[in-house]
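The structure appears below as structure tokens.
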Amino acid sequence: MITPQNVLRHELIGMDILVSGAANPDQRGLSGRVIDETRNLLVIETPNGVRRIPKMHSIFRVRLPGRETVEIDGSVMVLAPEKRINLHEKKRIP
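See the structure below:
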């Protein structure tokens, strides 16, 4: 189950997302569904086409499957998705 506490350990592809803050003012307020993720970018399908949003210097509001939302500072996601997931799992191991 995806919760605000463990969202970074999960895949973001397929989730609804809003760019609530961005260094580029044209990207603020963009919303849609995450269709891909790279080390530095989230690729979002919006009603007006596909947009590539840099993770660094952006704030994302993600809607979790239970309709709860969580805000994430993109700078904590600047890793390849598979490395981000593994890194957060390793931090939990004593």
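Each number in the working numbering comes from the position in the sequence shown (counting from 1) with 157 added on.
Each residue gets a CB set at the ideal place from its N, CA and C atoms; glycine is no exception.
Predicted model only: the values in this text are computed from it and were never measured.
Residue nearest to H214 within the set T160, E228 and G178 is G178 (criterion: CA-CA distance). Excluding residues up to 5 positions away in sequence, nothing lies with its Cβ nearer than 6 Å to the Cβ of M158 in the same chain.
I192 has its alpha-carbon roughly 10 Å from the corresponding atom of T203. Secondary-structure assignment with DSSP links G206 through a beta bridge to T203. Within the model, the alpha-carbon separation for I170 versus E225 is close to 17 Å.
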